[in-house]
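K.L.:
Protein chains: 2
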Amino acid sequence: MQTATAIRTRLPAAAIPATAPALSQGGTRRILAKGAELFAEGDASTFFFRVVSGTVRTVKLLADGRRQIDAFHVAGDMFGLDRGASYRLTAEAVEPATVIAYRRSDFASLMQRDSAVMETLMAATLANLDRAHEHMVLLGRKTAMERMASFLLDLASRLSCPDQVCLPMQRHDIADHLGLTIETVSRTLSQMIQAKLIRLADGGRTICLLNKDALQLLAA
Amino acid sequence: MQTATAIRTRLPAAAIPATAPALSQGGTRRILAKGAELFAEGDASTFFFRVVSGTVRTVKLLADGRRQIDAFHVAGDMFGLDRGASYRLTAEAVEPATVIAYRRSDFASLMQRDSAVMETLMAATLANLDRAHEHMVLLGRKTAMERMASFLLDLASRLSCPDQVCLPMQRHDIADHLGLTIETVSRTLSQMIQAKLIRLADGGRTICLLNKDALQLLAA
DNA sequence: CGCTCATTTGAAAGGCCTCAAAGCTGGTGG
DNA sequence: CCACCAGCTTTGAGGCCTTTCAAATGAGCG
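Going line by line, the protein sequences match chains A and B.
All residue numbers for the first sequence refer to this note's numbering, where the first residue is 1 and numbers rise by one.
All residue numbers for the second sequence refer to this note's numbering, where the first residue is 1001 and numbers rise by one.
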């Protein structure tokens, strides 16, 4: 593993710190290689997951190949809790990642005795729903520049790197998350550089936020 | 109340029929006038709601007035269950509506004894999350025509009117839901009429789906 | 019946996409 | 250790879909 990845994964910001311990008993650890698929849309949903390190993307595909990445999940995030008996989206590792898999059936009985478990899952699901709401505003109503600014600030806060974002994903993933093309993503970043809002490092994989206040204004 | 509204609200399609009865004990009924605000983003979230009849929209606003309607809630749907102590979006009646308000604090203790209640809320939340995922694909990756087709088919299925959609909302709401402008919504509908996919009735408030198969293909 | 608001339609502009090619990066093998 | 290769990223030019601005038409209501 090269240095860049080590840096990217060194800060596991616990997204659900207060309630997550309720799940500490069960679950099995899984190591994922870059690009590995955890589950696909339509698969029987026997597990749900929590990210320990690395990044996982959840994806929806249209018949003609168009892709929408609904979220990037980082350390502490939960995903794979879907309605019904099968997954509604596909999950893949964006970079080498470690997750903990919880068997759904194990919790059916556990939840009846321990409401704390259920509340943990509820909190995680509500967190995902909240992010989805925010992302719908971005996709439906923001310009390319606003989307990019929102994305960078969001990622910076979630990775708890105050002024620096080590992007675990490539431009194509960013584009499919923000509802843009890779060219527009690249052009938008170039404009931000020109405006001295950001600076690229590590061959374009790391973005230094030079002016967070201005980015915040841009994020609309 | 005019006839159109009566028709629109006469079919309460139970979205969560199996589990909803668990909530039948509590809650107080509220009658909402058209446009009435149930709660606003940032308000303390003391209640969550279930639609009995009519339609409620949940909305997010940007500082400059741009609006994104994340969902239209019809009979049987639940909304207002947000992360944290305050609502993350605003809820307003699209048309005259009846909802049942459940006090959040009443359920904190109830859930510990009755896991069925918690499961009902979880199922409702997962349903909302699922819709959000589907809508993100629409907003991020579909064309105006595809968005409109998807919207009409979705509404038709949820209102359980096989081949007819009685729109409770006006063009402006549709536009803010689909990430378009009212002009584009209108033009897209006109194109669909020309292609004999739909037919307008009731002064543009009712849409007859003349060719659902073709619409399904268009929805992508 | 007239007023107001919603919807439709038109024309022009703009932002993002598509197509295309050059520039970089990182990994591999000589 | 360095050159080469494949894939990712950036940049350029042109086109298209949606938006913006504007005005006409239609519907609901006092």
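For each residue, glycine too, the CB sits at the ideal point set by N, CA and C.
From a predicted model like this one, the values you see are computed outputs, not experimental measurements.
If you drop the 5 nearest sequence neighbours on each side, which residues of the same chain put their C-beta closer than 6 angstroms to that of ARG50 of chain A?
P.N.:
Numbered from 1 along the first sequence, position 50 holds the residue referred to as residue 50 of chain A. These residues qualify, in order along the chain: MET78, ILE100.
K.L.:
Taking the alpha-carbon of SER1086 of chain B as reference, which of B:SER1115, B:GLY1042, B:GLN1164, B:THR1055 has the nearest alpha-carbon?
P.N.:
The residue labelled residue 1086 of chain B in the question sits at position 86 within the second sequence. Ranking B:SER1115, B:GLY1042, B:GLN1164, B:THR1055 by Cα distance to SER1086 of chain B puts B:GLY1042 first.
K.L.:
The alpha helix (DSSP H) spanning GLU949 of chain B covers which residue range?
P.N.:
Summary: the structure shown does not reach residue 949 of chain B, with chain B confined to residues 1001 through 1220, and so no result is reported for it.
K.L.:
Under 9 angstroms, Cβ to Cβ, is there at least one residue of chain A near LYS1212 of chain B?
P.N.:
By 1-based counting over the second sequence, the position of residue 1212 of chain B is 212. For LYS1212 of chain B, the answer is no, since every Cβ of chain A falls outside 9 angstroms of its Cβ.
K.L.:
Name the residue from B:LYS1060, B:SER1053, B:ALA1127, B:THR1090 whose alpha carbon lies nearest to the alpha carbon of LEU81 of chain A.
P.N.:
What you label residue 81 of chain A is simply residue 81 of the first sequence in a count that begins at 1. Ranking the options by Cα distance to LEU81 of chain A, first place goes to B:ALA1127.
K.L.:
Relative to the C-alpha of THR46 of chain A, which candidate in A:THR206, A:ALA195, A:SER105 has its C-alpha closest?
P.N.:
The residue labelled residue 46 of chain A in the question sits at position 46 within the first sequence. It is A:SER105.
K.L.:
List the residues of chain B whose Cβ lies closer than 9 angstroms to the Cβ of VAL74 of chain A, in chain order.
P.N.:
Stepping through the first sequence from its first residue, residue 74 of chain A is reached at position 74. Those within 9 angstroms of VAL74 of chain A in chain B number zero; the least Cβ separation is about 17 angstroms.
K.L.:
If VAL233 of chain A and ARG158 of chain A are in contact, beta carbons under 8 angstroms, what's the gap, nearest whole angstrom?
P.N.:
An answer regarding residue 233 of chain A cannot be provided, because it is not within the stretch 1 to 220 covered by chain A.
K.L.:
Using 9 angstroms as the threshold, is the C-beta distance between LEU1197 of chain B and ALA1156 of chain B below it?
P.N.:
If you number the second sequence from 1, residue 1197 of chain B lands on position 197. If you number the second sequence from 1, residue 1156 of chain B lands on position 156. No, Cβ-Cβ distance for LEU1197 of chain B and ALA1156 of chain B is not below 9 angstroms.
K.L.:
With 9 angstroms as the threshold, decide whether the Cβ of LEU1126 of chain B is near any Cβ in chain A.
P.N.:
Within the second sequence, numbered from 1, the residue matching residue 1126 of chain B stands at position 126. Taking Cβ atoms only, chain A reaches closer than 9 angstroms to LEU1126 of chain B, which makes this a yes.
K.L.:
When burial is assigned at 16 or more other CB atoms within 10 Å of the CB, is HIS1133 of chain B buried or exposed?
P.N.:
Along the second sequence, one-based indexing puts residue 1133 of chain B at 133. Buried, since its Cβ has 16 or more Cβ neighbours within 10 Å.
K.L.:
Within 9 angstroms of any Cβ in chain B, is that where the Cβ of GLN68 of chain A sits?
P.N.:
For this step, residue 68 of chain A is matched to residue 68 along the first sequence. With 9 angstroms as the cut-off, GLN68 of chain A counts as an interface residue toward chain B.
K.L.:
Unbroken alpha helix (DSSP H) runs of length 4 or more, entirely within the segment 149-207 of chain A: which are they?
P.N.:
Whole alpha helix (DSSP H) segments, 4+ residues: 171-178, 182-194.
K.L.:
Do ARG131 of chain A and ASP1130 of chain B have their C-beta atoms within less than 9 angstroms of each other?
P.N.:
By 1-based counting over the first sequence, the position of residue 131 of chain A is 131. By 1-based counting over the second sequence, the position of residue 1130 of chain B is 130. No. Outside cutoff.
K.L.:
Are the segment 1063-1072 of chain B and the segment 1112-1127 of chain B touching by the rule of at least three beta carbon pairs closer than 8 angstroms?
P.N.:
They do not touch, by the three-pair rule.
K.L.:
Report the partner residues of MET78 of chain A according to the DSSP bridge assignment.
P.N.:
To locate residue 78 of chain A, count along the first sequence from 1; it is residue 78. In the DSSP output, where bridge partners are listed per residue, MET78 of chain A has A:ARG50.
K.L.:
How would you list, in chain order, the residues of chain A whose beta-carbon sits under 7 angstroms from the beta-carbon of ARG1088 of chain B?
P.N.:
Residue mapping note: residue 1088 of chain B aligns to position 88 of the second sequence, counting from 1. Within 7 angstroms Cβ-Cβ: ASP130, HIS133.
K.L.:
Using a Cβ-Cβ cutoff of less than 8 angstroms, which residues in the same chain neighbour ALA1193 of chain B once the five nearest sequence positions on both sides are dropped?
P.N.:
Numbered from 1 along the second sequence, position 193 holds the residue referred to as residue 1193 of chain B. This sequence places Ile at residue 1193 of chain B; Ala is not what is there. Answer for ILE1193 of chain B: ARG1199, LEU1200, listed in chain order.
K.L.:
Looking at ILE182 of chain A and PHE151 of chain A, is the spacing between their C-beta atoms short of 9 angstroms?
P.N.:
Within the first sequence, the letter at position 151 stands for residue 151 of chain A. Within the first sequence, the letter at position 182 stands for residue 182 of chain A. Not closer than 9 angstroms, so no.
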